[in-house]
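In full-length UniProt numbering, the protein residues as written are 1 to 224.
What follows is a single structure, written as structure tokens, with notes after it.
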């Protein structure tokens, strides 16, 4: 049955991650239940699988942590409670897996010894120490890879924005050039109209002058 918050605005993606997390939790719980019955190499393989399932669960929790910030505050309280419950469950799984991993007698079988002078014990401790360092290095590498991917995404987004801004500037420049052409043509048109007005004014003055002279001539001729 769907969760009552699945229809709330902004909660769909959170609920999707939550459904994936529940599947991972079920798988992880099954693996943890199987580990106590195993020893030696099968036990180590089961622990490795459980560790990978925990990593996947942690990644889903990170995605849910980011997504819940986009959920409206009206429903965020319930979502936060669900998220805290999942965090608590994952912490329980982590402690249980750590307890199972620390059980070296079950991990190494009959070869395990607590004798500090046992050469094999020292070698096993060195192997475990090296494995821990390798795991920490792997985690740092994953974190660096994720950071590099985020940086690449930001860079690509920035380049896309710059490209759009460049196109906008070019379009604006083209419009300015076109507007400048319109202004030039308008100025030329106005100048032509001014010249025609001046010419018409001169012609009008000449016509009036001729008419005045003709009138004067007619008047003079009548009195002579």
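Note that the Cβ used here is the ideal one computed from N, Cα and C, for glycine as well.
Checklist line | residue 103 in three-state terms, based on DSSP | finding: coil
Margin query: I need the DSSP call for residue 71, collapsed to helix, strand or coil.
Written below: coil
Check: Under the three-state reduction of DSSP, which class applies to residue 224: helix, strand or coil?
Finding: coil
Item checked: Where residue 141 falls: helix, strand or coil (DSSP) -> helix
Item checked: residue 21 versus 39, 49, 61 and 43, residue with shortest Cα-Cα distance -> 61
Next item on the list: Please say whether residue 79 and residue 94 have beta carbons closer to each other than 7 Å?
Entry: no
Notebook entry, point to check: Can you tell me whether DSSP reads residue 11 as helix, strand or coil?
Noted result: coil
Notebook entry, point to check: Does the distance from the C-beta atom of residue 24 to that of residue 50 stay below 7 Å?
Noted result: no
Note to self: Less than 6 Å between C-beta atoms, sequence neighbours within five positions excluded: which residues of the same chain meet that for residue 241?
What the structure shows: No answer is possible for residue 241: the residues shown for the chain start at 1 and end at 224.
Notebook entry, point to check: Leaving out five residues before and five after residue 218 in sequence, what residues of the same chain have Cβ atoms less than 8 Å from its Cβ?
Noted result: none
Notebook entry, point to check: Under a three-way DSSP split, which group does residue 39 fall into?
Noted result: coil
Margin query: So, at 6 Å on beta carbons, what are the nonlocal neighbours of residue 56 in its own chain, with the 5 sequence-adjacent residues on each side left out?
Written below: 24
Next item on the list: Leaving aside the five residues before and after residue 89 along the sequence, list all residues of the same chain whose C-beta is less than 8 Å from its C-beta, in chain order.
Entry: 25
Note to self: If I measure Cβ to Cβ from residue 31 and keep anything under 8 Å in the same chain, skipping five residues before and after, which residues do I get?
What the structure shows: 46, 49, 50 and 53
Margin query: Between residue 35 and residue 100, how many whole angstroms is the CB-CB distance? I'm expecting something under 8 Å.
Written below: 5 Å
Notebook entry, point to check: Roughly how many angstroms lie between the CA atoms of residue 170 and residue 91, to the nearest whole one?
Noted result: 56 Å
Item checked: Alpha carbon of residue 137 to alpha carbon of residue 168, nearest angstrom -> 46 Å
Next item on the list: Classify residue 213 as buried or exposed, calling it buried when 16 or more other Cβ atoms lie within 10 Å of its own Cβ.
Entry: exposed
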